[in-house]
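**Q** Right, I'll just put the structure down here and ask away after.
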Amino acid sequence: MLAITLLSFPECVAISTPLRREVFLRFKVFNYVQFSGIVEPIAGEIAAYLVLSVKALLQYALSFAAGEIIFVVVEELLPVSQTGDDSDLSTIGEITGFATRTFLDVTLG
């Protein structure tokens with residue numbers, strides 16, 4: 009609950025500041041912020057149910073998500089690797105290298 013509260017704080021500020029600047033009453037701004045955050049516990053319950061129902065597929069889904077994050081980091085956040093004509097080759101090399109390092113780490117302990 010503390011983690012959700014800390015993660016929601018910037019969202020609450022981003023919603024409440026423009027509304028308060030537009031001369032909404034504090035009570036009305038408070039209600040809007042509460043309504044914007046009601047989605048999180050509902051989505052959390054749905055996610056918990058899905059995790060329990062597809063437990064066997066969870067490790068594959070998380071592996072896919074991790075691979076996708078690595079791909080995005082290499083493609084978007086490392087601009088030097090994307091210069092020149094072999095930008096796809098550098099991305100494939102980085103992902104292959106990361107997979108090899110992970111495999112060796114898991115197998116060799």
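Residue numbers for the sequence shown follow the working numbering, beginning at 9 and rising by one. Ideal placement from N, C-alpha and C gives every residue a C-beta, glycine not left out.
Whole angstroms is fine: what's the gap from G75's alpha carbon to K36's?
**A** G75 and K36: Cα-Cα distance of roughly 43 Å.
**Q** Please report how far the alpha carbon of F111 lies from the alpha carbon of T104, in whole angstroms.
**A** Approximately 10 Å between the Cα atoms of the pair.
**Q** Going by other Cβ atoms of all chains shown within 10 Å of its Cβ, with 16 needed for buried, is V21 buried or exposed?
**A** The residue is exposed, with fewer than 16 neighbouring Cβ atoms inside 10 Å.
**Q** Give the DSSP-derived three-state secondary structure of D92 in the structure shown.
**A** The displayed chain sequence assigns Gly, not Asp, to residue 92. Three-state DSSP puts G92 in coil, outside helix and strand.
**Q** Only counting the same chain, and skipping five residues up and downstream in sequence, which positions put a Cβ closer than 8 Å to that of L66?
**A** Correct list, in chain order: V59.
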